[in-house]
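Okay, structure first, notes after.
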Amino acid sequence: MKRILIVEDKATSRELLRTVLQNEGYQTIEAVDGEDAIATASAQSPDLILLDLHMPRRNGYEVLSILRQDQRFTATPIIAVTASAMSGDREKALAAGFSGYLTKPVPLAKLREEINRLLPRT
Numbered sequence: 180m181k182r183i184l185i186v187e188d189k190a191t192s193r194e195l196l197r198t199v200l201q202n203e204g205y206q207t208i209e210a211v212d213g214e215d216a217i218a219t220a221s222a223q224s225p226d227l228i229l230l231d232l233h234m235p236r237r238n239g240y241e242v243l244s245i246l247r248q249d250q251r252f253t254a255t256p257i258i259a260v261t262a263s264a265m266s267g268d269r270e271k272a273l274a275a276g277f278s279g280y281l282t283k284p285v286p287l288a289k290l291r292e293e294i295n296r297l298l299p300r301t
């Protein structure tokens, strides 16, 4: 079973993503801030990471940079998740090394589409 790390500081958003992903057949693990994300990813080696950009104790860009420096995560799909939908934000995230970009509230069809694109089922 593929494992997805949900990194989100808001409990309600984490719960929604967990429910949707588990209903889709994924195992989920969770982190509540940037430092927790780095520690959890290192310990659990997820197949894909949903990473909030704005959270305490390191933002999503910092977490991405640290994870991408680790050999284990150079090819791991990491999707930016953010409430910020300003012009150029998506391009900035993809240029920084994110594999995908989703805006909140995350449309469930788009979430499924991005995960299926980046984490094909075998």
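Sequential numbering of the sequence shown, starting at 180, is according to the working numbering.
We put the beta carbon where it would ideally sit given N, CA and C, even for glycine.
Need the endpoints of the alpha helix (DSSP H) that Asp231 sits in, please. On the sequence shown, position 52 is the one that residue 231 refers to. Asp231 -> not in any alpha helix (DSSP H); beta strand (DSSP E) instead, spanning Leu227 to Asp231.
Looking at the unbroken beta strand (DSSP E) that takes in Val211, where does it start and where does it end? By 1-based counting over the sequence shown, the position of residue 211 is 32. Careful: Val211 lies outside any beta strand (DSSP E) and carries neither H nor E.
My output table needs one value for Arg296: the three-state DSSP class, helix, strand or coil. If you number the sequence shown from 1, residue 296 lands on position 117. Correct three-state label for Arg296: helix.
Can you tell me whether DSSP reads Arg182 as helix, strand or coil? Position 3 of the sequence shown holds residue 182. The answer is strand: DSSP assigns Arg182 an E or B state.
Identify every residue that forms a DSSP beta bridge with Tyr280. As a working mapping, residue 280 is identified with position 101 in the sequence shown. The partner list for Tyr280 (beta bridge, DSSP) reads Ala259.
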